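Chemist: First the structure, which I've put down as structure tokens, then a few questions once you've had a look.
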Amino acid sequence: MHPASPSVRSRFLQRWLGADPARPALLDEACRLSLSSVDLGALLARELDAGLPLPRAMRRLRNLLVCGLIRRDLEGLADLDEVVTAMTRFADFAIRTHTEALGAELVAAHGMPMGDESGRPQQLMVLSMGKGGGGELNVSSDIDLIFVYPEDGETAAGPGQRQLSNHEFFVRLGRRLIATLSEIIEDGFTFRVDMALRPNGNSGPLAASLAMVEEYLIVQGREWERYAWVKARAVTGDPEDIAALDAIVRPFVFRRYLDFGVIDAIRNMHAQIRAEVKRQERLHPERSHNVKLGRGGIREIEFLAQVFQLIRGGRDPALRERSTRATLRLLAERELLPEDTVARLLEAYTFLRNLEHRLQYLDDAQTHTLPASEEDRLLVAQMMGLPDVAALLGRMEEQRTYVAAQFDAIFADKAEPADSEASLLADDPENREAIAARLLELGYDDPPGAAARLVATLQGPRLTSLPEASRARLLALGDAALGQIATVVVEAGVGSHAATLGRLLDFFEAIARRSAYLSLLTEYPHTLERVIRMMNASGWAATFLTQHPILLDELLDDRNSGVGDMGQLAVLATELDEQLNAAAGDTERQLDILREAHHAQLFRLLALDLAGELSVERLADHLSLLADTIVGATVRHAWRTVASRHREEPRFAVIAYGKLGGKELGYVSDLDVIFLFDDEDEMAPSNYAKLAQRFITWNTAHTAAGILFDIDTALRPDGASGMLVSTVAAFERYQHESAWIWEHQALTRARFCAGDAAIGARFERIRDAVLRKDRSGQEQQLKDEVRAMRKRMRDANVNPGALFDLKQDEGGMIDIEFIVQYLVLRHASQYPQLTANSGNIALLKLSGELGLIDPGLAAEAASAYRAMRRLQHQVRLQGQEKARVDPQLLGGHPDAVRRLWQACFGD
């Protein structure tokens, strides 16, 4: 090694090289290739072949590896990933090798430990925690371990062996492993070992059974332990036992709901760490500049990554990643942090970890602070490629300032101290007169009524029985909301104070016992304002959010760009498949995954809708495409639950009718569908019937996340008395030979929705052939049947009031739809372009252009349909079930529709 090489600045490396003249050549050989993939077994075998005992051989291997990493890193041959990966691989190798050797010694003396319940041989699971668990171990780090064994029992002792309980066996094995790794002997140590993260810490048993771990986590597990267990990774053990441990740990660490309460928990933990660091710096000023625990240090970056894991990891398995760097990259992919923020955090993490390593390269010491000596600080600066200490401190300050700012953006306490006026509810929630006076100042339309409603809610049993912390948080949110409601009503120019306050109070009652949602609204105050704006704009939106408060997450930011477009839906389909595959075997969870994904997308569209960024037509297109995506995922994954399925991919298709078929879906529309298959296998009819039934169940079953869609299959051949699924050939025969005219009317708005694309293409050909039948000689019969069907519908939906029913009344939307359907059936044989499923407005325009109806009247009817759809949408957003409005809002639109009806049907 050349004397000018940067690596000579490492005193540890110099001492190691100087102790044996053969080492420079050995180091040269080791440094030729990346040490992250070196054959550790071969290197260890070389030491053992020299006659060394395993503990000394492992230490010599460790020293060679560390010196190789120091040299490669400082000479620019290795990056951070190589360093941490190589150290993690070596730690795993050392743990496995020693555990196997020590376990064999104990088995020879006491017999194999056996499980009482299973009767299986037992193996120790050594869990690597912290940076070792995350695959990002330091060069001079200790290793945090936890020892777990599957079940209690005794060793199967033979002649001359002393029987031990499984607990005693694994405690002995654990003690020997710690000693073998950490005792300082002639060649130093392999790793320092820290066992403080085990259940009950240093006062707990050294090894714990799965049952003990489970009981501890359920009964005593604390928030900081959730943070620690995120990185838990089994280095040894039987795969079946590791899976059992994972099933115990996962629900403790990752909650099924969005756990925003973890922000406060990490904030408190961070405050304790910072207080201890400051205390140490006061006592030992020379220990300042802690790159790990100091302000803006490595730990803050780890907290930034892990808070998202703890909040969302229960719903998104990908976020259970153990590596800090991989987690940060995933946060950018999930749009949970901006890409440029993640890039800067990764830059800071790399800089600080490289600096940490260089601090440790000096003397192979487990340190995280800049050395007190100015000379050593200069050495560290030069190892970082910087000219002097001032440059090093400047770069440190730059990186740490950025990290601290990002940390504060998430973890700073956002509960602003309330002044005496704003804290009215928190101070005296039962003072109706004072509350009414405050509401009068804010401009509420009915201050006494609003105050009475507010006090009644706050004094209700649901809120008075809350834990003190939750009640205080809720009252603070109420204080903030009163002024925001007044502002929103004025700015929006619509809505009322009383209605919006009532909706918000219903929402507060629904979430009162779910502290995670109270935490979310407290930690992200702008979310409360968005909730209020949404509730003021739409009663239906308020009800939907109250029923599904998990959707609060969608109001955190503006991640709504591209919602509903094909690219975004393709991403959704991929993510759904990943999540549904991960939950295979847990049907209840799969149902919730589908509902949560659909509700989230629906809510994003709703936010855009209420902001005026979507026309009714575009909204319907997006909702229909979203439904197609959900239907497709449901078919794929429901099929995998059919135990008797005879092929990997079903030759099965869902055909959409009605609003979904016409791409005019609303927020709460049913799905009118039929099921077709094309499969000669003898198992096909029964298996596809099972699939269809499961499809219906998966959509309509009520779970904790609600329902997906109501499903109507009445349009299948022969209606309710017909088979639930049909072959394509049977469907084709039925449409040509047996279907009623009204069924052909329905076919004008039908399309392939999801499933086997080849079946979809065959359906489209059948549909075209049926719609293009020559009906020129049956014109009067066609008119009569369409009129008769329309009369039956009107008779079944009598409107007794003075309001106009946009859907059912004469001159309304169904009249327009029937006119279009008649025109298609009557003229498609001559004008096949009419069979395009392009919507009523486009088909009216086309019919006018073809001279089938008066173009002016066609345009008026199209305008009427557009206006009625818009009004229907507005009424539904206010939560009204019947779309009935003041006739004056419609002007002459119904008359235009009646004139077109008269022109087509003559009555």
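Counting in the UniProt record's numbering, the sequence shown runs from 1 upward without gaps. Backbone N, C-alpha and C fix where the C-beta goes; we use that ideal spot for every residue, glycine too. As the structure is a computational prediction, the values presented were derived from the model and not from experiment.
#1: Count the other CB atoms, across all protein chains shown, that sit within 10 Å of the CB of V571; report buried if there are 16 or more and exposed otherwise.
#2: Along the chain, where does the beta strand (DSSP E) containing P429 start, and where does it finish?
#3: Between which residues of its own chain and D73 is the CB-CB distance below 6 Å, once the five residues before and five after are set aside?
#4: Kindly provide the ranges of any alpha helix (DSSP H) runs that are 4 or more residues long and lie completely inside the segment 126 to 177, ordered along the chain.
#5: Nearest-angstrom Cα distance between S561 and Q14?
#6: Could you pull the DSSP bridge partners for P832 from this structure?
#7: Give the DSSP-derived three-state secondary structure of I242 in the structure shown.
#8: From the DSSP secondary-structure annotation, give me the bridge partner or partners of P113.
#9: Do the segment 121 to 130 and the segment 227 to 247 meet, that is, are 3 or more Cβ pairs less than 8 Å apart?
#10: The alpha helix (DSSP H) with Y734 in it runs from where to where?
#11: With V654 as the anchor, note down where its alpha helix (DSSP H) starts and where it stops.
#12: Where does R233 sit, in a helix, a strand or coil, going by DSSP?
#13: I need the boundaries of the beta strand (DSSP E) containing F677, first residue and last residue.
#14: How is D854 classed by DSSP in three states: helix, strand or coil?
#15: Look at the Cβ atom of N138, then the Cβ atom of M87, and state whether they are nearer than 8 Å.
#16: Roughly how many angstroms separate the alpha carbons of V291 and R377, rounded to a whole number?
#17: Using 8 Å as the threshold, is the segment 248 to 258 in touch with the segment 269 to 276, meaning 3 or more CB pairs across them?
#18: Just reading off the alpha helix (DSSP H) that R46 is part of, what are its end residues?
#19: Between the segment 493 to 512 and the segment 543 to 555, are three or more C-beta pairs nearer than 8 Å?
#20: Does the segment 395 to 406 come into contact with the segment 47 to 58, if we say contact requires no fewer than three beta-carbon pairs (one atom in each stretch) closer than 8 Å?
#21: In chain order, which alpha helix (DSSP H) runs of at least 4 residues are fully inside the segment 297 to 372?
#22: CB-CB under 8 Å to E575, same chain, minus the five flanking residues each way: which ones, in chain order?
#23: Should L602 go down as buried or exposed, given a rule of 16 or more other Cβ atoms within 10 Å for buried?
#24: Assign K659 to one of two classes, buried (16 or more other C-beta atoms within 10 Å of its C-beta) or exposed (fewer than that).
#25: Suppose contacts are defined by Cβ-Cβ distances below 8 Å. Is I841 in contact with L900 by that definition?
#26: Flag this pair as yes or no: are the beta carbons of L671 and I711 separated by less than 8 Å?
#27: So the alpha helix (DSSP H) R751 belongs to, where does it begin and stop?
#28: Give me the Cα-Cα distance between A472 and L463, rounded to the nearest whole angstrom.
#29: Taking the Cβ atom as the reference point for each residue, do F169 and T155 lie within a distance shorter than 8 Å?
#30: How about the segment 523 to 543 and the segment 490 to 509: do they share at least three Cβ pairs that are nearer than 8 Å?
#31: Decide if Q366 is buried, meaning its Cβ has at least 16 other Cβ atoms within 10 Å, or exposed.
#32: From E860, S686 and A620, pick the residue whose C-alpha is nearest to that of S838; which is it?
#33: Assuming L825 and Q745 are in contact, meaning their beta carbons sit under 8 Å apart, how far apart are those beta carbons, in whole angstroms?
#34: Please state if the CB of F252 and the CB of G313 are separated by a distance shorter than 8 Å.
#35: From the DSSP output, which residues share a beta bridge with I185?
#36: Using the C-alpha atoms, what's the distance from M112 back to R162?
Modeler: Quick look at the numbers:
#1: The count along the sequence shown starts at 1 and reaches residue 571 at position 571. Looking at its Cβ environment, which holds fewer than 16 other Cβ atoms inside 10 Å, V571 is exposed.
#2: On the sequence shown, residue 429 is found 429 positions in, with the first residue counted as 1. Segment: none, P429 is in no beta strand (DSSP E) and carries neither H nor E.
#3: Here the question's residue 73 lines up with position 73 in the sequence shown. Contacts found: V83.
#4: 130 to 133
#5: By one-based count along the sequence shown, residue 561 stands at place 561. By one-based count along the sequence shown, residue 14 stands at place 14. Unreliable positioning characterises S561 in this predicted model, as indicated by a pLDDT of 48, which lies under 50. A coordinate reading is not provided.
#6: On the sequence shown, residue 832 is found 832 positions in, with the first residue counted as 1. DSSP lists no partner for P832.
#7: For the purposes of this step, residue 242 is identified with residue 242 of the sequence shown, where counting begins at 1. Reduced to three states, the DSSP call for I242 is helix.
#8: Along the sequence shown, read from residue 1 onward, the residue named residue 113 stands at position 113. P113 is bridged to T155.
#9: yes
#10: Reading the sequence shown from its first residue, position 734 is the one you call residue 734. Its alpha helix (DSSP H) spans residues V728 to E737.
#11: Residue numbering aside, residue 654 sits at position 654 when the sequence shown is read from its first letter. Run containing V654: none in the alpha helix (DSSP H); it sits in the beta strand (DSSP E), F652 to Y657.
#12: By one-based count along the sequence shown, residue 233 stands at place 233. Three-state result, R233: strand.
#13: Numbered from 1 along the sequence shown, position 677 holds the residue referred to as residue 677. Counting along the chain, the beta strand (DSSP E) containing F677 begins and ends at L671 to F677.
#14: Taking the sequence shown and counting its residues from 1, the one referred to as residue 854 is at position 854. Coil.
#15: Counting from 1 along the sequence shown, the entry for residue 138 is found at position 138. Counting from 1 along the sequence shown, the entry for residue 87 is found at position 87. Against a cut-off of 8 Å, the Cβ pair of M87 and N138 comes out as a contact.
#16: Residue mapping note: residue 291 aligns to position 291 of the sequence shown, counting from 1. Residue mapping note: residue 377 aligns to position 377 of the sequence shown, counting from 1. Cα to Cα, V291 sits roughly 14 Å from R377.
#17: no
#18: Here residue 46 is taken as the residue at index 46 of the sequence shown, counted from 1. That run of the alpha helix (DSSP H) goes L40 to D49.
#19: yes
#20: no
#21: 298 to 312, 324 to 333 and 339 to 361
#22: Mapped onto the sequence shown, residue 575 falls at position 575. A597, listed in sequence order.
#23: In the sequence shown, counting from the first residue as 1, residue 602 sits at position 602. The residue is buried, with at least 16 neighbouring Cβ atoms inside 10 Å.
#24: To locate residue 659, count along the sequence shown from 1; it is residue 659. By the 10 Å Cβ count, K659 comes out buried.
#25: Numbered from 1 along the sequence shown, position 841 holds the residue referred to as residue 841. Numbered from 1 along the sequence shown, position 900 holds the residue referred to as residue 900. No, the pair does not count as a contact, with Cβ atoms beyond the cut-off.
#26: The residue labelled residue 671 in the question sits at position 671 within the sequence shown. The residue labelled residue 711 in the question sits at position 711 within the sequence shown. Closer than 8 Å, so yes.
#27: Start at 1 with the first residue of the sequence shown, and residue 751 comes out as number 751. R751 -> not in any alpha helix (DSSP H); beta strand (DSSP E) instead, spanning R751 to G755.
#28: Sequence index remark: in the sequence shown, residue 472 carries index 472 (1-based). Sequence index remark: in the sequence shown, residue 463 carries index 463 (1-based). Those two C-alpha atoms are separated by around 10 Å.
#29: As a first step, residue 169 must be located in the sequence shown, where it is residue number 169. As a first step, residue 155 must be located in the sequence shown, where it is residue number 155. Yes, the pair counts as a contact, with Cβ atoms nearer than the cut-off.
#30: yes
#31: Walking along the sequence shown from the start, residue 366 turns up at place 366. That one is exposed.
#32: Mapped onto the sequence shown, residue 838 falls at position 838. It is A620 whose Cα lies nearest to the Cα of S838.
#33: Counting from 1 along the sequence shown, the entry for residue 825 is found at position 825. Counting from 1 along the sequence shown, the entry for residue 745 is found at position 745. Between Q745 and L825 the Cβ distance is about 7 Å, and since that is below 8 Å, they are a contact.
#34: Mapped onto the sequence shown, residue 313 falls at position 313. Mapped onto the sequence shown, residue 252 falls at position 252. In this structure, F252 does not lie closer than 8 Å to G313 by Cβ.
#35: Position 185 of the sequence shown holds residue 185. Per DSSP, G188.
#36: The sequence position of residue 162 within the sequence shown is 162, counting from 1. The sequence position of residue 112 within the sequence shown is 112, counting from 1. Roughly 11 Å between the two C-alpha positions.
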